[in-house]
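Residue numbers 4 to 198, in our numbering, belong to the letters of the sequence shown in order.
Note that beta-carbon positions come from the ideal geometry of N, C-alpha and C, so glycine has one too.
See structure below.
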Amino acid sequence: MALAVAAGVLRQGLALFLAGLVLKLLDDHLDAGEDSGPSPVAGWGRATAPYLLALFCLAALADPGGALPVFAAGYAIGMANEGGRRLPSGLTAGWEGGLLLGAVALLAGPLTAIWAAALLWSVQAADDYLDRAGDRLMGKPTLITRLGETETLALAAGAALLAAAVDPIRTGLAGLAFVALQALEGRWKAARGTR
4 MALAVAAGVL
14 RQGLALFLAG
24 LVLKLLDDHL
34 DAGEDSGPSP
44 VAGWGRATAP
54 YLLALFCLAA
64 LADPGGALPV
74 FAAGYAIGMA
84 NEGGRRLPSG
94 LTAGWEGGLL
104 LGAVALLAGP
114 LTAIWAAALL
124 WSVQAADDYL
134 DRAGDRLMGK
144 PTLITRLGET
154 ETLALAAGAA
164 LLAAAVDPIR
174 TGLAGLAFVA
184 LQALEGRWKA
194 ARGTR
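This is the structure we're talking about:
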C-alpha cells in the first residue's frame, strides 16, 4: 500500500516536472530572439513540435489529472499576458485563454481549474520576480513592471496558498518541480554564456 502511494506521488511529481519543462521550452521557443539568448530548443528545428508533444504525452500519461490542467492554465496565463492580440482562432488572446480555463472547469471540475490557475499565476509571479533584473535590462513587460516587486511577491504567495488549499500534494510537488526547472534554466544560461 505504501509503495503504491509513493509510486503515485512520484508519477504526479514527474508529470508536473515534464509539463513545466514543456511550458518552459515552448515559451523559450516562442520568445526566441526576445529573451536573453538562444533557446535550448533552438537547434531542434522542425523537430521542436514533435519533441515537445512527446514530452507532454509522457507528462499526461504519468498523471493526466495534473499535467493536463497545468498545461492548459500555463497556456491561458501566457495568453493573459498577450491581452487583446487577435489569434488565428479569431479570438483575442485573453478570450482564448479564458475559454480554455472554462473548458478545464467543465471537463475536470471547477476546483481543478482554480488549482491549476492559482498554481500557474504563482509560478509566473515567482519567475518574473526571479528574472526581474534581466527583464528590466531588456525592457520586457512583466508582472513586476505592471504591479511592482512587493505586489508580485504577494501574488506569488497568495496564489500558492490558494493552490495548496485545493491540492496540497500536487502543489508541493509543483514547487519542487519549479525549483528543479529554475536550476535547469540556470545551467542552460550558463552553458550559452547568458545569465
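When the alpha-carbon of residue 148 is set against those of 131, 157 and 17, the nearest one is in 131. As computed with DSSP, residue 95 is found in a beta bridge with 89. With the rule of 3 Cβ pairs closer than 8 Å, the region 121-140 counts as touching the region 161-179. Contact check for residue 116 and residue 104: beta-carbon distance about 6 Å, within the 8 Å limit, so the pair qualifies. By the beta-carbon neighbour count (other beta carbons within 10 angstroms, threshold 16), residue 184 is buried.
Counting C-beta pairs closer than 8 Å gives fewer than three between the region 77-97 and the region 48-57, which falls short of the contact rule. Residue 52 places its beta carbon 8 Å or farther from that of residue 18. By the beta-carbon neighbour count (other beta carbons within 10 angstroms, threshold 16), residue 110 is exposed.
Distance between residue 176 and residue 15, taken at the CA atoms: about 7 Å.
Cα atoms of residue 155 and residue 146: separation of roughly 6 Å, rounded to the nearest angstrom.
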